[in-house]
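Residue numbers (our numbering), protein chains in the order written: chain R, 4 to 92; chain V, -12 to 396. Note that the Cβ used here is the ideal one computed from N, Cα and C, for glycine as well. What follows is a set of notes on a single structure, which appears directly below.
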Amino acid sequence: PFSSSEDTPQLTINHDVAAELDSSSAFEGPEKLLEVWFAPSAESLPSGVKPDGLKSVAADIWVPMLDEVHCKVLSVLKSERVDAYLLSE
Amino acid sequence: SSMFVFPHKLILKTCGTTTLLWGLRSLLRIAAVEAGFPVHNTPSVDDERAAATPYRVFYSRKNFLYPEKQPTPHRSWLHEVKFLDETFEGGSAYMVGKMNGDHWYLYITSPETTLTPPRTPDEERTPMKPSRHFRIPTGLASAFNGVPESSDETLEILMTDLDPENAKKFYLEHVSAVASARLSSQAQEARDNSVHSLGDLAGSTATIRTASTAESVVDETFDVSSLGSDSDNHGSYTPVSEQLDPASLTTEGHALGTVVSDNCGLSDVYPTSKYPDAKIDAYMFSPCGFSANGIIPAPQKQENDTVTKAGHYFTVHVTPEPHCSYASFETNVPGGQNGRETSEVIEHVVGIFKPGHFSVTLFEAKAANDVATGAARKRFDSLAGYRRIDRIVHDFDDYELVFRYYERE
């Protein structure tokens, strides 16, 4: 019953993390925002970079980095141009 | 918290007492080792200290409500700047807004036209002493044969002192009640129509894959659109009850997140009438709090009149507790371009939360700074029910930052 364009984002849910969350101790709203660019645009990746650049990095590779930040992956919404990770905390 | 991964950049926005900058070195290493971006701080990518050289870096945040409870270096802006300065070369730090009120911080590095510092010939290299910090050159524009991304603009709305009635929508108890009521109503409707659907809790056309981990998708794929009430679909899909426990539809964080998105009006910020491929992934925390990411793969017109699919996103985070109520909205969807104007988006988002105070920052590449967007920026100077306190413009080399701060009248 479902038709979509080729670029319809696909969502993957990490139930192991999502089922355990509790925000009772939350007290701080404002976030920190880090944006790191490695090239001026997706069309101008330096030579030697994998065709999809950072998007070619598998989701589990980011997990140890996110552990350092104290975040867990709740779900991932993947699309042709950008992948959106929803994180805990 | 949220992370957005593009081919050429990564955006990480984290809430609470997360230690965002602790992950920076790993991020740069992953970019080098896993994606193949150039390394200039070590002779080989095999060196454990190898880190990709960023083209540019932005770090920003609002002043914290409880800085003393944050882990270092996030207890003060000066500590964060010190950490960043020890990591990158050529960064600049700014504070925007009232020192004795709500203000906003920005750390930025700019692309250089030459390699900085000049690379040391391999034979002259001396091993670097092990150190927690070593500085990574940024810029290296000459290494890339590209031009800055066109239509690069980021809008951020940071809201505090949320209206208590609106904040209730982000408590699990409230959302579960709404979900139960909708489920009952739609189950009744389904019975009346002899349809197997349990109702349109999701209202989304995204395909959800359930998985035991984010990496291992298992065969529980189901189509959220099949939860809907599209009459064309009646009877043509597997009953939802065989795929997902109906009770979980009133408790599961993602299902409830979708209820919140619909109920509060977030789903309409970028309506499918104007953005047909827009998709939202939302999560409702227990006992309260809400996060959502949206992807909007709309066609984007480039400067040379070619059309490419853009990697546009928006993200929303809500902390509704009265003592620290806060909501943030961020997007890189350009205003106008046959979609919604920036001013419309701001009015819509502020209307969802009705905050006592809010700031708006619009960070825009000058290449995209055309007449239309300039006019749009002026139009959102005033907002009914709010008094503008500050308007501060920063003119960077290739970006313009406009910061505005408002209070409820």
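Nearest to V:R12 by C-alpha distance, out of V:T40, V:W91, V:T4, is V:T40. With respect to the 7 Å criterion, R:L37 and R:S78 are not classified as neighbours on the basis of their beta carbons. Taken in chain order, the members of the segment 23 to 41 of chain R whose beta-carbon sits within less than 7 Å of a beta-carbon on chain V are L24, D25, S26, S27, A29, F30, E31, G32, P33, E34, K35, L36, L37, E38, V39, W40, F41. Every alpha helix (DSSP H) of 4 residues or more that sits fully in the segment 22 to 90 of chain V is shown, in chain order, as 64 to 74. Each residue's CA atom was taken as its position, placing V:P58 and V:T6 some 7 Å apart. At a cut-off of 7 Å, the C-beta of V:D72 has no neighbouring C-beta in chain R.
A buried status is given to V:P98, since no fewer than 16 other beta-carbon atoms sit within 10 Å of its beta-carbon. Residues of chain R whose Cβ lies closer than 8 Å to the Cβ of V:R374 do not exist; the shortest such Cβ separation is about 22 Å.
In terms of Cα proximity to V:V165, the closest of V:T245, V:W91, V:R16 is V:T245. Residues of the segment 1 to 26 of chain V with a C-beta less than 8 Å from any C-beta of chain R: T1, C2, G3, T4, T5, T6, L7, L8, W9, G10, L11, S13, L14, L15, I17, A18, E21, A22, G23, F24, P25, listed in chain order. Residue state for V:K(-4) is assigned as strand, using DSSP reduced to three classes. Against chain R, the CB of V:C311 has a partner CB under 7 Å away; the residue lies at that interface. In chain order, L69, C74, K75, V76, L77 place their CB closer than 8 Å to the CB of R:L90, counting only its own chain and leaving out the 5 sequence neighbours on each side.
Counting along the chain, R:Q13 sits inside no alpha helix (DSSP H); it lies in the beta strand (DSSP E) bounded by residues 13 to 17.
Look at the segment 296 to 307 of chain V: the residues with a C-beta under 7 Å from a C-beta of chain R are K296, A297, G298, Y300, H304, T306. For V:T245, no beta strand (DSSP E) encloses it; the enclosing alpha helix (DSSP H) starts and ends at 240 to 251.
Per DSSP, V:G281 is one residue of the beta strand (DSSP E) stretching across 277 to 283. Listed along chain R, the residues sitting closer than 8 Å to V:A39 by beta-carbon distance are F41.
Burial is judged here by how many other beta carbons sit within 10 angstroms of a residue's own beta carbon; R:F30 has fewer than 16 and is exposed. Comparing alpha carbon positions, the residue from R:S59, R:K35, R:S28 closest to V:G23 is R:S59.
Rounded to the nearest whole angstrom, the C-alpha separation of V:L(-1) and V:G372 is 33 Å. For V:L142 against V:M271, the beta-carbon gap comes to about 24 Å, at or over 8 Å, which does not count as contact.
In the DSSP annotation of this structure, the continuous segment of the beta strand (DSSP E) that includes V:L388 starts and ends at 386 to 395.
Shortest Cα-Cα distance from V:L8 to any of V:V44, V:T29, V:H27 involves V:V44. Looking at the DSSP output, R:K81 shares a beta bridge with R:Q13, R:D86. With distances taken between CA atoms, V:L370 lies nearest to V:V347 out of V:K156, V:N50, V:V347. If one requires a minimum length of 4 residues, the alpha helix (DSSP H) runs lying completely within the segment 18 to 75 of chain R are 18 to 21, 62 to 72, in chain order. Proximity of R:K75 to chain V, defined by a Cβ-Cβ separation below 7 Å, is not satisfied.
Listed as beta-bridge partners of V:E317 by DSSP are V:E143, V:T302.
When the five nearest sequence neighbours on each side are left out, the beta carbons in the same chain lying within less than 7 Å of the beta carbon of V:Y386 are those of F350, E351, A352, K353, in order along the chain.
Distance from V:F301 to V:V247 at the Cβ level is roughly 15 Å; contact not present, criterion being Cβ atoms closer than 8 Å. Contact annotation: R:D86 and V:V(-8) have beta-carbon atoms nearer than 7 Å. From the beta-carbon of V:H161, no residue of chain R is found nearer than 7 Å; the closest lies around 14 Å away. Residue-level contact check: V:G126 does not touch chain R, since none of the beta carbons of chain R fall below 7 Å from its beta carbon.
Under the 8 Å Cβ criterion, the segment 143 to 151 of chain V counts as touching the segment 329 to 346 of chain V, having at least three qualifying pairs.
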